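Residue numbers (my numbering): 1 to 482.
See below for the structure under consideration.
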C-alpha cells in the first residue's frame with residue numbers, strides 16, 4: 001500500500017532560528033505509523049511563497065500540517081503578532097492545494113477555537129500531535145466524524161468550530177524521535193543550540209501562563225533512556241549544546257534525577273552541555289549537583305518577582321528565602337543561573353519593584369532577565385480577571401491591542417495603572433549601572449531583552465557562540481568588560 005504523504009510546514013521566521021522540535025516529534029510518529037512525512041521549513045526560505053508552492057507541487061500531499069509555535073513574541077516593546085504571518089501561510093497553502101490544512105503546536109493549543117477561526121484552517125490538533133494527528137488523518141480518509149477524535153478541532157457542516165478534549169499520550173510508549181526531518185546542523189549553526197523534551201505538561205498556578213491549558217496540567221514523562229538516545233542522536237549530527245524545552249525540568253524531581261543519572265551512565269556529559277528551565281521550588285543542592293554531573297551548565301529560573309506579596313498575586317508558592325536557597329545550591333554545584341522577572345502585574349508599585357531589584361542584587365544571580373508588562377493570554381486566570389473588569393479599551397491597566405481584540409489573540413499587556421506611565425524608564429533607572437540585569441534601554445533600541453530578531457545574538461552565534469541566549473549575552477557582556 002502506498003504511504004500517504006503528509007506535508008508539515010514550519011512558518012517560524014524568528015531570528016535567531018529555533019528548530020521545529022514539535023514538528024520533528026510529530027514527523028517521527030507519523031513515519032512510525034506508516035505515513036510519509038515531509039518537512040517544508042520556511043525558516044530558511046528566500047521566498048516562502050515559492051518554497052511552499054514547490055513543496056506542494058513535489059509532494060502532492062494528502063494533508064498539510066502547519067505548526068503554530070507562537071502567536072506573538074510576548075515582548076511589550078515590539079508586540080510582534082506572528083500569528084498574522086501564520087495565517088498568511090495557511091491561506092497560501094489553501095490556495096495551492098485541496099488537501100485539508102491542520103494546525104497544531106503549543107501556540108495553537110493556547111486558544112484553538114479562536115486561532116482556527118482567525119487563520120481559516122480546516123482542522124486542528126490541541127495538545128499532543130503524536131497519535132492524535134494520525135487518528136485525525138485516518139478518520140478523514142475513512143469519511144468518519146472527525147469531531148469524535150480526541151484532541152481534534154474541527155468545523156462542523158454548519159460551520160461551527162468544535163474542540164474535542166485532548167487525550168494525552170503516554171510519552172514512554174512513543175518511539176524515540178529520529179531527529180532527521182529538520183536541518184538540525186543548520187539550526188545549530190545559525191541558532192546556537194538544539195532542543196529536547198524530557199516531559200510535557202505544567203501543574204503550576206501562575207496567573208498569566210497559558211502552558212497548563214496548552215500543554216495540560218498532568219505531567220507526562222519520557223523514559224530517561226529515550227531522552228539519552230535523543231541526546232546521542234543529536235551528537236551524531238555534530239550538535240553538542242541543547243536547551244531543554246520542558247516547562248520546568250525539576251517537576252517532578254524524581255524524574256529529573258533519573259534523567260541526570262541516565263545521562264551520566266551513558267557517558268553523555270563528556271560530549272554535551274545543556275541548559276534548562278526550572279522552578280525555584282522544589283530545588284536543592286542534590287539535584288543541582290546531579291544536573292551538573294549530567295552536563296547541565298546553566299539554569300533559567302522563572303522566578304517572576306522577589307516581593308512576597310507580588311509573588312502571591314502572581315500565583316507563586318515560594319518567597320525570597322527559597323530564592324536564596326536556589327542560589328546557594330547552584331553556586332555549590334557550579335551552575336550558572338538566571339532569574340527571570342515579570343514586572344507590572346496586578347498590584348505592582350514603585351516600592352514593590354524596588355524591593356524586588358534590591359533582593360536580586362542581594363542574591364546576585366549571574367543574570368537577571370527583566371520583562372515589563374504581563375502578556376494577557378487567553379484561557380488564563382489573568383485573562384478572566386481582565387475580562388471581569390469590563391471593556392478592554394476602557395481598562396487603564398491594559399496596553400497594546402485593546403480594540404477589537406476580545407479573543408486576546410493580538411498582543412495585549414497588563415501594567416498596573418499605579419505604575420504604567422513610566423515602568424520602562426523607572427526600571428531602567430534602577431538597573432542601568434548593573435550589567436547583570438538584562439533589560440531594555442529606552443534610549444537604545446539595540447539593547448533589549450528580546451530574542452526575536454536580535455542582531456547581537458545572531459552575530460555572536462554566526463561567530464561561533466553556542467548556548468542559552470541569556471548565557472551568550474552574558475559572555476559577550478563579560479568579555480566587553482575584560
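No residue lacks a Cβ here, since even glycine has one placed at the ideal position from N, Cα and C.
Just so it is clear, the structure is predicted and the values come from calculations on it, not from any experiment.
CB of residue i within 8 angstroms of CB of residue j, strictly
i	j	result
residue 466	residue 238	no
residue 454	residue 73	no
residue 123	residue 162	no
residue 338	residue 378	no
residue 104	residue 144	no
residue 209	residue 5	no
residue 16	residue 190	yes
residue 340	residue 298	no
residue 224	residue 253	no
residue 30	residue 133	yes
residue 248	residue 278	yes
residue 315	residue 308	no
residue 120	residue 93	no
residue 21	residue 12	no
residue 28	residue 147	no
residue 382	residue 376	yes
residue 310	residue 362	no
residue 76	residue 413	yes
residue 167	residue 150	yes
residue 217	residue 202	yes
residue 435	residue 471	no
residue 215	residue 200	yes
residue 334	residue 374	no
Start-to-end residues for the alpha helix (DSSP H) that takes in residue i
i	result
residue 125	From DSSP, residue 125 is part of no alpha helix (DSSP H) but of the beta strand (DSSP E) over 123-125.
residue 427	423-431
residue 184	184-191
residue 59	48-59
residue 472	469-480
residue 74	Where residue 74 is concerned, there is no enclosing alpha helix (DSSP H), given that its DSSP letter is neither H nor E.
residue 26	21-32
For residue i, the nearest candidate out of the options (CA to CA)
i	options	result
residue 474	438, 443, 455	438
residue 136	265, 42, 64, 307	64
residue 195	220, 231, 169	231
residue 160	95, 112, 133, 440	112
residue 300	404, 316, 275, 358	275
residue 416	56, 342, 459, 472	342
residue 268	295, 391, 246, 25	295
residue 98	56, 119, 67	56
residue 397	346, 388, 216, 205	346
residue 101	459, 331, 68, 202	68
residue 78	14, 3, 395	14
residue 384	362, 407, 371	407
residue 181	38, 388, 354, 426	38
residue 325	376, 60, 288, 171	288
residue 115	87, 19, 246	87
residue 350	424, 203, 241	424
residue 186	419, 391, 462	462
residue 409	80, 317, 26, 60	80
residue 66	139, 200, 40	40
residue 336	468, 95, 155	468
residue 265	284, 273, 293, 280	293
residue 256	286, 273, 449	286
residue 59	321, 155, 96	96
residue 142	334, 390, 62, 373	62
residue 171	440, 158, 127	127
Anticipated Cβ contact below 8 angstroms, residue i with residue j, distance rounded
i	j	result
residue 261	residue 290	7 angstroms
residue 198	residue 235	Their Cβ separation, rounded to whole angstroms, is 17 angstroms, which puts residue 198 and residue 235 out of contact at 8 angstroms.
residue 23	residue 8	5 angstroms
residue 357	residue 431	6 angstroms
residue 391	residue 322	About 39 angstroms separates the two Cβ atoms, so there is no contact after all.
Any chain C beta carbon closer than 8 angstroms to residue i
i	result
residue 118	Although the question refers to chain C, the structure presented lacks it and comprises just one protein chain.
First through last residue of the beta strand (DSSP E) which encompasses residue i
i	result
residue 291	Looking at the DSSP string, residue 291 is not in any beta strand (DSSP E); the run it does join, the alpha helix (DSSP H), is 285-293.
residue 414	412-414
residue 155	152-155
residue 456	No beta strand (DSSP E) contains residue 456, which is instead part of the alpha helix (DSSP H) from 455-462.
residue 65	63-67
residue 37	36-41
residue 6	5-10
residue 163	161-163
Can you give, in chain order, each stretch of the beta strand (DSSP E) that sits fully within the region 245-323 and has at least 3 residues? If we require 3 residues or more, the beta strand (DSSP E) runs fully inside the region 245-323 come out as 273-278, 296-304.
For the region 332-416, list the beta strand (DSSP E) runs that are entirely contained and at least 3 residues long, ordered along the chain. Whole beta strand (DSSP E) segments, 3+ residues: 336-343, 367-372, 398-400, 412-414.
Length at least 4, wholly inside the region 178-237: the alpha helix (DSSP H) runs in chain order: Segments of the alpha helix (DSSP H) lying fully in the region 178-237: 184-191, 211-215, 224-236.
4 or more residues per run - each alpha helix (DSSP H) lying fully within the region 96-146: The region 96-146 contains these whole alpha helix (DSSP H) runs: 106-110, 112-119, 132-142.
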